[in-house]
Structure formats: C-alpha cells, structure tokens
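Residue numbers (full-length UniProt numbering): 1 to 154. Glycine included, every Cβ here is placed at the ideal spot set by N, Cα and C. The structure appears right after this line, and notes come after that.
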C-alpha cells in the first residue's frame, strides 16, 4: 500500500516538474488566454493531488518514506509548482491588459525563451581550482542570468 502511495506521489511530481516543458511544446498558435487558464487549473489539480498524497505518505513509518523526506522532494516540487504557476499567471495578466482577450498575443511573450548554452560536465578529480572554474562558468552562463526562471536554472 505504501509503495503504491509513493509511486503515485512520484508520478504526480513528474507531472508538475515537466509541466512547463509540456506547455511550450504545443505551439504558439494554440496558446490563448483560455488555454492558459485551463492549463493553470490542471496544474493546480496536480498540486492538490500531490499534497494529499504527500500527507497520506507521512502516515507511514518506512525506510522509503524516510528517504523521500531526506531528499526534500516536497520542497523541490513546491518550488517547481510555484515557478510554473507564476509564469502562467504573469502571461495571463499580461494578456488581460491587451484588447484581444482570447488571442495569441501572450504566445509571443510565452515563447520568448532564452536558449541555454550547452556546457559539458567535466569529471572532477577533487581539484578545487577545476571546480571553481566550472562554477564560475556556470554562474556566468546560467546562474546570474536574471531572465531565466528558477526552473530553467535547474
């Protein structure tokens, strides 16, 4: 029973974690205010399901539950949920100030994505200088870019 609850929780977590990527795959012609509202409702239902399952899982005292708690899955999922909900809400707010309430005006804002650079992950030998070099590169390319949402920086 507990394994099934944990599995349901992790599946719902994946839905929330991949929500933004799935949303931008649909194409800008389909992104309307109505579509965004529907997707926002769906995201909120995923979050409600995640919370309910999370609290059901906490009723168990098991090694798998302990591992789940130690990995801070709840906080990570909550961060992703808030980031995606904020982005969708911002798009809806931007679109409501325009004349065309159910148009694709939000789509142009929505799909203005920053292309993240490809960086190869080096094998670290424990050398502090090599780590600092990589850290500085990552910060300059991703970490310090204010236009990126926290979810994109993961």
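Helix, strand or coil for residue i? Go by DSSP, reduced to three states.
i, result
"residue 18", "coil"
"residue 26", "coil"
"residue 90", "helix"
"residue 103", "Legend: pLDDT at residue 103 = 46, less than 50; position of this residue unreliable, value from coordinates given subsequently. DSSP places residue 103 in coil when its eight states are reduced to three."
"residue 80", "helix"
"residue 4", "helix"
"residue 9", "helix"
Between which two residues does the alpha helix (DSSP H) containing residue i stretch?
i, result
"residue 37", "33-57"
"residue 129", "128-138"
"residue 66", "63-70"
Output the distance between the C-alpha atoms of residue i and residue j, rounded to the nearest integer angstrom.
i, j, result
"residue 16", "residue 23", "11 Å"
"residue 35", "residue 18", "17 Å"
"residue 21", "residue 53", "24 Å"
"residue 92", "residue 29", "16 Å"
"residue 90", "residue 125", "43 Å"
"residue 25", "residue 46", "19 Å"
"residue 139", "residue 14", "26 Å"
"residue 132", "residue 64", "35 Å"
"residue 94", "residue 62", "46 Å"
"residue 137", "residue 6", "37 Å"
"residue 27", "residue 38", "16 Å"
Among the options, which has the Cα closest to the Cα of residue i?
i, options, result
"residue 159", "41, 62 and 55", "Any property of residue 159 remains undetermined from this structure, which presents the chain solely from 1 to 154."
"residue 58", "123, 132 and 9", "9"
"residue 80", "67, 65, 60 and 50", "50"
"residue 12", "77, 134, 128 and 31", "77"
"residue 43", "131, 129, 87 and 93", "87"
"residue 66", "3, 131 and 133", "3"
"residue 48", "82, 33 and 69", "82"
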